[in-house]
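Structure, as structure tokens:
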RNA sequence: GGCCGGAUGGCAGAGUGGCGAUGCAGAGGACUGCAAAUCCUCGUACCCGAGUUCGAUUCUCGGUUCGGCCUCCA
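Residue numbers (the numbering used here): 34 to 488.
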């Protein structure tokens, strides 16, 4: 079954065909490193990680190039560094490191290339110079601005026209703009702000050019997939298209645009002022990263998703069911990914459906009568989990957790086994109650007694 | 104001122009010393109103509602 993806450019699900049938390139807008990433930031990282894993399966690991940038020059960074009394470098390094830890805990593979904006300033300047030379940009009061009117195609991604934008503008237009819709490519820096020498004096790039520069540098002028959050469609991605296509002589920029939906927290929009704001770190303190990943993938990437504690608990329970089914089984050789999993994912990344298939496989595993069949299903489950970035842990490790009281628990469990053997059920139940107080569940199976941590 | 999405049973969440996905929760049963886990059985959900149709949750139009963008934002 072929891969189809919803393309924001056409607002339709389209058959995906890579520009080069052997290799795929994907660019995803990464974090601006000025603060801890929140759960909304995690959504695209997880979603595009699944797409990355799927593409690697379809094209081969060496034939997918995933580029996710780090924006380390931005006015929010400048403001946060000043507020924290730390240097910009300290802030961006510290925050980028925290981001890497967070997304690794969520089971995301690192991208193939993680370019930093500050390392691509010459490329940005080159693009800007070209745009000026072609009349797509102009210099005004130390700024360089992109002339939206010079681009007849402007608005094709967000499907809005220039007049509508002007009509809806809620912000005062800077006096040096020739047209209200024009946006900044380069702006002057005062001595205390980060800046680079340029033909227009010491300054720093505007927000959008960096992605044009970095994607061209690492994927070429035209590439396959560009992803990001819904909110980036306008203005960020629209402006990226305008700059890139004008700078590249009208050559198409990204061919498939994918955007993930927004996230709410406990039924309300996430906002700092309401305190309705959940950073990844706090979520990881509440549940294992794999549960958070599962909670995210329980929803389709384009739909709105309400992030609740209940959802996280449900995700954790689902994983318990999966790992419980695989518990106590010998290691199995890697199986191929079941077709029904691929069918779900190839249908515009239908991860909720893929999770349903996981449940089906577990049901079949639980009902399987022969060891061969069980082993086959376990192998399929692990292979299916691998494309989703789930189920790669040792079941014992998942079910028992990594607290250091395991020896003590094993001891109590042994005492209970002895009591049961002596038919002293009152004592056995007493010990079970003691363990329950510690959050430990006891399971007496045909194969013996095992324990796991509850909730 | 303009533009764009979503609305499915107690909850989560696929999908389809006509056979009530799937998981959780709940009821009953099997198994168990008792439990847990597992298995079996059990539910007439598709926001509202029109229209198209033999038939609509699924298509069309209108409305309601939630959310997004238009300004930094995943």
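Think of the CB as a built atom: it goes at the ideal place given N, C-alpha and C, for glycine as much as any other residue. As the structure is a prediction and not an experimental result, all values here were calculated from the model.
- Counting every other CB atom within 10 Å of its CB across the protein chains shown gives residue 39 a total of 16 or more, marking it as buried.
- From the listed residues 414, 406, 379, the smallest Cα separation to residue 393 is found for 414.
- DSSP places residue 40 inside the beta strand (DSSP E), whose first and last residues are 37-40.
- Taking 4 residues as the minimum length, the alpha helix (DSSP H) runs contained wholly in the stretch 407-460 are 428-433, 439-454, in order along the chain.
- Taking a contact to require three or more Cβ pairs closer than 8 Å, the stretch 69-76 and the stretch 91-101 do not qualify as touching.
- With a cutoff of 8 Å on beta-carbon distance, residue 262 and residue 326 are scored as not near each other.
- Here DSSP, grouped into helix, strand and coil, assigns residue 466 to helix.
- In the three-state scheme derived from DSSP, where H, G and I count as helix and E and B as strand, residue 169 is classed as coil.
- Taken through DSSP and simplified to helix, strand or coil, residue 216 comes out as strand.
- Using a Cβ distance threshold of 8 Å, residue 88 and residue 57 count as a contacting pair.
- In the assembly as shown, residue 169 is a buried residue. Its beta-carbon has 16 or more other beta-carbons within 10 Å.
- Distance from the Cα of residue 350 is smallest, within the candidate group 471, 484, 103, 432, for 432.
- Apart from the 5 residues on each side of it in sequence, residue 344 sits with its Cβ closer than 6 Å to the Cβ of 328 in its chain, given in chain order.
- Secondary structure of residue 77 (DSSP, three-state): helix.
- Rounded to the nearest angstrom, the gap between the Cα atoms of residue 117 and residue 67 is 10 Å.
- Contact annotation: the stretch 219-236 touches the stretch 158-176, with at least three C-beta pairs closer than 8 Å.
- Between the beta-carbon of residue 255 and that of residue 52 there is about 6 Å, and that keeps the pair under the 8 Å contact cut.
- Per DSSP, the unbroken alpha helix (DSSP H) holding residue 391 starts and ends at 384-400.
- The C-alpha of residue 400 lies about 9 Å from the C-alpha of residue 407.
- The three-state secondary structure of residue 223, taken from DSSP, is coil.
- If you draw a straight line from the Cα of residue 481 to the Cα of residue 340, it comes to about 38 Å.
- Taking every protein chain shown into account, the CB of residue 206 has fewer than 16 other CB atoms within 10 angstroms, so this residue is exposed.
- For residue 297, the beta-bridge partners assigned by DSSP are 302, 339.
- Closest in C-alpha terms to residue 124, from the list 103, 144, 48, comes 103.
- Under DSSP, residue 252 forms no beta bridge with any residue.
- The beta carbons of residue 377 and residue 395 sit no closer together than 8 Å.
- Annotation for residue 236: the continuous beta strand (DSSP E) segment containing it runs 236-238.
- Of the residues 181, 150, 152, the one whose Cα lies closest to the Cα of residue 165 is 181.
- Contact between residue 139 and residue 85 does not hold, since the beta-carbon distance rounds to 13 Å and is not under 8 Å.
- In the three-state reduction of the DSSP assignment, residue 111 falls in the helix class, which pools H, G and I.
- Within the model, the alpha-carbon separation for residue 252 versus residue 259 is close to 11 Å.
- It is roughly 11 Å from the alpha-carbon of residue 382 to the alpha-carbon of residue 291.
- In the three-state reduction of the DSSP assignment, residue 176 falls in the strand class.
- Closest in alpha carbon position to residue 192, among 348, 42, 163, is 42.
- Only residues of its own chain outside the window of five on either side were considered, and among them 160, 163, 164 have a CB closer than 6 Å to the CB of residue 280, listed in chain order.
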